[in-house]
Amino acid sequence: MNVYFACSVTGGREAEAAYQTIVATLQADGHIVPTAHLSQPDVIALEAVVDPQEVYTRDIDWISTCQALIAEVSTPSHGVGYEISYALCIGKPVLCCYQQSKPVSKMITGNTHPALHLKPYQSHAELKHIVREFIAIITSSTQKPDSFDMSNITRNL
Numbered sequence: 000m001n002v003y004f005a006c007s008v009t010g011g012r013e014a015e016a017a018y019q020t021i022v023a024t025l026q027a028d029g030h031i032v033p034t035a036h037l038s039q040p041d042v043i044a045l046e047a048v049v050d051p052q053e054v055y056t057r058d059i060d061w062i063s064t065c066q067a068l069i070a071e072v073s074t075p076s077h078g079v080g081y082e083i084s085y086a087l088c089i090g091k092p093v094l095c096c097y098q099q100s101k102p103v104s105k106m107i108t109g110n111t112h113p114a115l116h117l118k119p120y121q122s123h124a125e126l127k128h129i130v131r132e133f134i135a136i137i138t139s140s141t142q143k144p145d146s147f148d149m150s151n152i153t154r155n156l
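Sequential numbering from 0 applies to the sequence shown in numbering that gives the first Met the number 0.
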């Protein structure tokens with residue numbers, strides 16, 4: 000499965016270890032993560048040389064071709080919020096996970112879209128479980144993930 004991973008790049012990297020846990024879990028399970036580089040410590044330098052229009056076009060294309068989006072939202076990010084909204088608008092299932100001790104924007108926590116799943120975590124082991132549970136739910140459908148009706152799945156997994 001193609002999974003778009005979203006996280007803060009320029010807004011802060013405090014959750015970088017969690018980013019790496021999410022990407023490593025997805026890749027270990029055989030999933031394609033076109034944004035895997037976002038979890039790496041050198042991402043700011045890598046992305047600094049890319050034109051903003053190119054980033055926008057590339058990322059919109061990646062979201063469009065992925066079957067799901069997983070975002071780590073412990074660190075506020077305009078870009079991540081935009082990516083989440085775009086994915087929901089085009090019918091993609093979205094998992095937003097965050098460190099339980101961190102406040103998260105009410106635009107995320109108050110969103111009742113049936114394809115949005117919001118899940119706090121306390122440890123990286125719990126985060127791995129959350130990611131795997133989300134993937135299992137969306138792949139257990141007999142429909143293609145791109146057209147998956149999330150209305151029958153509870154919001155908080």
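All C-beta atoms, glycine included, are put in the ideal place defined by N, C-alpha and C.
Judged by DSSP in its simplified three-state form, Ile69 adopts strand.
Boundaries of the alpha helix (DSSP H) harbouring Pro51: Pro51 to Thr64, taken from the DSSP string.
When C-beta atoms of the region 83-92 are compared with those of the region 105-116, three or more pairs fall below 8 Å, so the two segments count as touching. In the displayed model, Lys91 falls within coil according to three-state DSSP, outside both helix and strand.
Residue burial is scored here from C-beta neighbours: Thr56 has fewer than 16 other C-beta atoms within 10 angstroms and is therefore classed as exposed.
Sixteen is the threshold: when 16 or more other Cβ atoms of the shown chains lie within 10 Å of the Cβ of Cys65, as they do, the residue is buried.
Note that the region 25-43 does not touch the region 91-110; fewer than 3 beta-carbon pairs, one per stretch, sit closer than 8 Å. Assigned with DSSP and collapsed to three states, Lys127 falls in helix. For Lys118, DSSP records a beta bridge to Cys96. Nearest Cα to Ser7 within the set Gln121, Ala70, His128 and Leu45: Ala70.
For Ile31, DSSP records a beta bridge to Asn1. Counting other Cβ atoms within 10 Å of its Cβ, Ala5 reaches 16 or more and is therefore classed as buried.
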